[in-house]
Structure formats: C-alpha cells, structure tokens
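Asks: Here the sequence shown stands for residues 541 to 1046, where the numbers follow the numbering used here.
Even glycine gets a Cβ: it sits at the ideal position worked out from N, Cα and C.
From a predicted model like this one, the values you see are computed outputs, not experimental measurements.
Pasting a structure below so you can have a look.
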Amino acid sequence: MVRRYGIDSKGVRRFFRFYELLWLPGKKGLTHYRLTPVQTFQFASVFAFRRADGRRVVRECVLYVPRKFSKTTGTAAFALHDLFFGDDNAEIYIGANSQDQARKCFDVVRGAVGKLDTRGRRFYINREEIRPRARNSRQAFAQCLTANARTKDGLNASTVIMDEFSQARDSELLTVLTTSMGVREEPLTVIITTASDVFDGPFYAMLQGYKEVLLGGIEDDTLFAHLFEPDIDDKEDDPATWAKVHPHLGVTIQPDYYEKEYTKAQRNGAEAMLAFRTKLLNVYAENEKQSWIPAAKAREVARKATVEGIVGKPEAMAAIDLSVRGDFSAVTVGFYDRQHNSFGYITDYFFPEGALSGHVNERLYRKWASEGYLRLLPGEVIDYNLIVEHVLKIADKTNLMRIGYDSYKARDVVNMLATIGGADSVVGVSQTKGNFNAAVESFEHGIWTGKIWINDNPINYYCFGNAILVEDNMENKKPEKRVETQRIDGVITMLMCHRLFLDEVQ
C-alpha cells in the first residue's frame, strides 16, 4: 500500500492529535487517552492512503478483536471525525444487533460532543441523535439505529458503524445503510465485533472473505481488516496464545485476567467455556453440550469428494430431503467400505435462484453458490426434475441399491425416482425418533471413532452446528433444529442413508 499510494503523514498525524484531544469514558469519568501502538496502526491504515485524485483509498474497516479491547470507545473517533470534519451534510449512523449495544458506541460519541459543547450552543443532543442547532452552520449529524431496517430508506450515509456484528442474524440494516452511500466521495463503513456462536449469520461468511483478502487470494485495497485469533495449533490455555489474540493485554485489561477467566470457565462448565472461546479467544465456537456433533468435529472428518469423482461403481444408498421455495434441498449418497467397516457420505445442496432476493440468508447463500457449494436452480421454486437428474447421475456412477425419501414429502417425485431402478428401489423413510434412533447412535459412534467421513462442504458444518438431539419418552433420539430458522437438511439425509444401510444389514 505504501509503495502504491505513498503516505499522507500530515493527515494521519492530524487524526492522531484529534483522537488524543477527545474526552472518552474511563474508570473515573471522561478523560483523554494516548493512542496505543496497535491503535496507531489501525487508524493510520485507514487514513494514510489516498488516490491520485486525493480521495481516501480505504472505505471499509473491520476490527475483529476480543472483548475488552476498547474497540467501541476507539471506533467512536471515526464518527466524531466525520461529524466535525467530514462533508457539511455528513450523516453518521451507529447500528448494532440490539438497541443497548448500539447505544454503547453512540453514548461515547454523545459524551465526547457534550464535553466539547458544554453549554449546548452548537449541538442538540438526545439519547438517539446529535444535530447542529444553527441552520447556517454545518448540518452534519449522528444517529443511533437498530432493527426495523425497512424504515431506513432515503438515507445518505457517510459513515456507518456496526457494533458486535457477529451476533446479527441477517445483514438487512447494514445493507440498507451501505447502499445509501453512493453519492459520498469518501464513505466509510466500520465493522467492530468479537466472535460468537452464530455460524449462520452474515458475519461468519464475511470473515472468510476478509481472510482471503489478507492471504492474497483477493485484491481489495478499499478494505482494512485487522483480525485477531489463534492459529490452528495454538493451545487455548497457553499465555502466549492469550497475548497473541489480545494486543491490549496489560493495557485495557489486567495481565492475569485471562488466567482467571480460563480457570473459571473450566470450573463452570460448557456455557462458561463457550463464552471464553468466543469472547476472549475470539474464535467462532458452539456449545458442545447442546450440539449433537459439533461443526468443528464435522470439519475434522471431512474430505474432498464429489459425485463426479466417484469411481468403480461402489454399492451406494441415496436420500433426498426436498423443499419447495423457502430453503435448500439436500441429496446425499452414502457408501459402505466392507474392508474397513466404514461409511462415507457426499451431500449436495440445491436452491431456487429466484427465491434468493430478500432471503434472510441471501448473502450467505450467494457466497456458498459462488464457491460451488450450493447449486442454484433456475426459477422461483425447486425444479424436481433437476433433482431427479442429479440422482440419475449418482445411479450412473454407483450401484445404487436404495433411494430414501421423507414419507410425508416429495410424493410427486416418487414416480420419477422409481424409473431409475424400479419401484422397489424407492423407499419412504419414516421421520419418527423411533426409526432414527439406531441410525443416530451408529452414526455418532462412527464419527467419533473415525469410521465415518463426509464431504468437505461448509453447508454440512452449518447443518451439524444447528442440530441438537431431542428424545421422546422412550429415549429414542433424533436431531432437530436448535432454532426454527436454521437448517439441518444435510444431517437428516445422511442419517436417512445410514438407516438404509442398517436395514440392508438386518
């Protein structure tokens, strides 16, 4: 970046001086702060680089750091800088997943403005808005926003700050705000967040894209992303790991804070350990006590495999779980290796392209589709003929013994599937807990003993992360969705295949 654009050192130093003159919250009330080394790097990375026409290069800043980094307080400086020195009609919006979270950052902005304008001569300040009093002066204003994004059309944002975005279930508010920035010459979107257990939210998918940029797979100078998390082989109880993930250890938090919190997490169980991993180690994690097979474990047993890559016509079972419009359909093909007494499962996912626009998971599904993990089918609803074509491909590559389907669904495709190998090959699989119980126990044992592998597809991990076990009064078990809006289709089709194998052995 330096070689490409040079450095606007004057502008950077001006911002540094501005920051250190601000009144920001501290232990004993409002106070001034000196910038830390990591903060100087972050702010300089945003303000240092300018194009030939003088406009700022960086338009998006992502700070993915653990709790107690002082990210909310520091990020308020972006809003204050635009309020005082940006366009005369600058519009600064601070949003979050909840009203309380959005107000945390806005209150920092409000406090700083109030301290500088103690008599309220220049600004009108309330809990959700800061506006200029004199009509002939700058008309820049700042506002605190939360949900109900449909009411926010017609804005003209210059700076957008989204706090704790990893908790968001959708990107509607962020999309409304960022798409309003088109007329701004130097718009800035700032996303500040710590990790969470919301794998199906928009930020988890976005995080993978940020990593691609940092690793050189995608070139995007308009993005500055600063991501703090352990490496794959770092131990979670190692002080060196704690120092790596939290650059303000010993600055904004006490040096022994991590040691105390880790000891407490070990003592207090799964919920406490989940909080330690997500909020202090800054890694996406799920509650292993609630999950049937954690997404992390599913990743461990994954291998590269596709239907197109099947060789040797192995004996196989297939299962389908169909949707109509609202979400994806899943097709799994399973194999049994008699020599090693092991199973393998390849699952493919399908979604009607016409149903993507406005879908709660649109951004995530489009990312999966662009990477080849989700197959978009033409039309507003699933074309079952294309699902049947995929099963025909499976039948051509394997010795397909059975095709399982949900007895309460897909009756209109049974006749099409029956043409593959006769009506006897197409069997309904009861979705009761009693019918699933043996498959659940056998599948779980296979996963934890290394006797089952699945294909490497993030939708598989998403489905496993959403699945919890539910028992009936006879202690029969079956996975169900943790939350109604989540999907576990791939888990169900794998278990349907496994049930067919168990029936064949019996």
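(1) Are there 16 or more other CB atoms within 10 angstroms of the CB of R690, so buried, or fewer, so exposed?
(2) Check whether the segment 920-938 and the segment 851-870 are in contact - that is, three or more C-beta pairs closer than 8 Å.
(3) Using a Cβ-Cβ cut-off of 6 Å (strictly less than) and excluding sequence neighbours within five positions of I732, which residues of its own chain qualify?
(4) So what's G547 in DSSP terms, helix, strand or just coil?
(5) Please determine, among E631, D861, P672, the residue with the shortest C-alpha to C-alpha distance to V700.
(6) Which same chain residues, not among the five before or five after F609, have their C-beta less than 6 Å away from its C-beta?
(7) Is the beta carbon of A680 less than 8 Å from the beta carbon of N629?
(8) Hey, would you say Y750 sits closer than 8 Å to L767, going by beta carbons?
(9) Check each candidate in I943, G660, D627 and name the one with the smallest Cα separation from L1035.
(10) Nearest-angstrom Cα distance between I670 and F625?
(11) Where do the N-terminal and C-terminal ends of the beta strand (DSSP E) with L714 fall, by residue?
(12) Could you name the residues of the same chain whose beta carbon sits closer than 7 Å to that of H899, not counting the 5 residues immediately before and after it, in chain order?
(13) With C-beta atoms as the reference, is W993 less than 8 Å away from A838?
(14) Quick check on the burial criterion: 16 or more other C-beta atoms within 10 angstroms. Buried or exposed for V648?
(15) Quick check on K1021: does DSSP put it in helix, strand or coil?
(16) Which runs of the beta strand (DSSP E) spanning at least 3 residues fall entirely within the segment 696-775, listed in chain order?
(17) Suppose you measure from the CA of V823 to the CA of M1014; what does that come to, to the nearest Å?
(18) Would you list the residues sitting across from D888 in a DSSP beta bridge?
(19) Could you spell out where the beta strand (DSSP E) holding D1012 opens and where it closes?
(20) Given L820, which residues of its chain have a CB within under 7 Å of its CB, disregarding the five upstream and five downstream residues?
(21) Judging by CA-CA distance, which residue of L957, L932, N901, V542 is the nearest neighbour of A584?
(22) Rounded to the nearest angstrom, what separates V969 and A836 at their Cα positions?
(23) Once DSSP output is grouped into helix, strand and coil, what is the label at Q683?
(24) Nearest-angstrom Cα distance between D946 and G912?
(25) Tell me the residue span of the alpha helix (DSSP H) that contains A619.
(26) Taking just the CA atoms, how far does M721 sit from R599?
Replies: So, from the listed chains and residues:
(1) The pLDDT assigned to R690 is 49, lower than 50, so where the model puts this residue is not dependable; a value taken from the coordinates is nonetheless given after this. So R690 ends up on the exposed side.
(2) yes
(3) L603, K611, T615, D703
(4) Strictly speaking, residue 547 in this sequence is Ile, with Gly absent from that position. In this structure, I547 counts as coil in the three-state DSSP scheme.
(5) E631
(6) H788
(7) yes
(8) yes
(9) I943
(10) 15 Å
(11) L714 -> not in any beta strand (DSSP E); alpha helix (DSSP H) instead, spanning 712-718.
(12) Y905
(13) no
(14) buried
(15) strand
(16) 699-703, 728-733, 763-767
(17) 38 Å
(18) V871
(19) Run containing D1012: none; DSSP gives neither H nor E here.
(20) P606, R607, Y798, E801
(21) V542
(22) 28 Å
(23) strand
(24) 26 Å
(25) 611-625
(26) 11 Å
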